[in-house]
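Undergrad: Right, I'll just put the structure down here and ask away after.
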Amino acid sequence: MPEQDVAPPQRLCTSAELLERGKAVTFDVIQWREPVRAFALRFDGQAVAYLNRCAHVPTEMDWQEGEFLDGDKRFIMCSIHGAVYDPLSGQCVMGPCNRGRLTKIDLTERDGEVYWHPTRDTKPAFED
Numbered sequence: 003m004p005e006q007d008v009a010p011p012q013r014l015c016t017s018a019e020l021l022e023r024g025k026a027v028t029f030d031v032i033q034w035r036e037p038v039r040a041f042a043l044r045f046d047g048q049a050v051a052y053l054n055r056c057a058h059v060p061t062e063m064d065w066q067e068g069e070f071l072d073g074d075k076r077f078i079m080c081s082i083h084g085a086v087y088d089p090l091s092g093q094c095v096m097g098p099c100n101r102g103r104l105t106k107i108d109l110t111e112r113d114g115e116v117y118w119h120p121t122r123d124t125k126p127a128f129e130d
């Protein structure tokens with residue numbers, strides 16, 4: 003697929019909306035032609051984003067809308083089966099997810115704004 007078929011970076015939120023180890027900003031994407039929720043959060047100063055799909059069972063993971071971190075705010079934890087992931091890499095560190103990992107979505111921050119980067123497989127859910 004030609005490079006021009008990939009959409010440009012998409013504005014997600016202001017940098018200030020991603021509080022350190024706070025509530026995630028959720029957004030909709032199309033992954034392999036299927037609608038999927040995704041989320042972005044800030045951890046150790048870094049903005050990261052993943053598809054909202056557990057590597058163990060492809061189900062949404064948040065406890066409540068935008069709540070992905072465990073009680074100690076050290077790990078991303080699936081609310082369904084307790085799979086635990088490293089927030090910066092998305093790698094499973096404990097639980098039924100084995101050696102799986104979350105599907106990462108690339109983010110950039112510039113001028114106080116956060117943007118996510120579509121790929122051939124992950125596209126904007128809505129065209130402007």
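Take the sequence shown: its position 124, counted from the start at 1, is 126 in this note's numbering, and no numbers get skipped.
We put the beta carbon where it would ideally sit given N, CA and C, even for glycine.
I'd like the list of long-range same chain contacts for T28, defined as Cβ closer than 6 Å, with 5 residues on each side in sequence excluded.
TA: Excluding sequence neighbours, T28 sits near R39, F41 and G68.
Undergrad: With a threshold of 6 Å on Cβ separation, who are the neighbours of E22 within its own chain once the five nearest residues in sequence on each side are excluded?
TA: R44.
Undergrad: Secondary structure at A57, three-state DSSP: helix, strand or coil?
TA: A57 falls in the coil class under three-state DSSP.
Undergrad: With K125 as the anchor, note down where its beta strand (DSSP E) starts and where it stops.
TA: Residues T124 to P126.
Undergrad: In whole angstroms, what separates the C-alpha of G24 from that of E111?
TA: Rounded to whole angstroms, G24 to E111 spans 17 Å at the Cα level.
Undergrad: Can you tell me where the beta strand (DSSP E) with I82 in it begins and where it stops?
TA: Taken as a continuous stretch (DSSP letters only), I82 belongs to no beta strand (DSSP E), as it is neither H nor E.
Undergrad: Given a threshold of 16 other Cβ atoms within 10 Å of its Cβ, counted over all protein chains shown, does D64 qualify as buried or as exposed?
TA: Buried: at least 16 other Cβ atoms inside 10 Å.
Undergrad: Quick one, which of P10, V8, H83 and C15 has its alpha-carbon nearest G114's?
TA: G114 has its Cα closest to that of C15, out of P10, V8, H83 and C15.
Undergrad: Which same chain residues end up closer than 6 Å to M79 when comparing Cβ atoms and leaving out the 5 residues on each side of it in sequence?
TA: Correct list, in chain order: D72 and V86.
Undergrad: Enumerate in chain order the residues of its own chain whose CB-to-CB distance from P4 is below 8 Å, with the five nearest sequence positions on each side excluded.
TA: The predicted position of P4 is uncertain, since its pLDDT is 47 and thus under 50; no value can be drawn from it.
Undergrad: Taking D30 as the reference, which of Y52, S17, P10 and L104 has the closest Cα?
TA: For D30, the nearest C-alpha among the options comes from Y52.
Undergrad: Give the range of the beta strand (DSSP E) segment to which A1 is assigned.
TA: Residue 1 cannot be examined here, being either before or after the span of the chain that is shown, 3 to 130.
Undergrad: Give the DSSP-derived three-state secondary structure of E62 in the structure shown.
TA: Looking at E62 - three-state DSSP - the assignment turns out to be coil, as it is neither helix nor strand.
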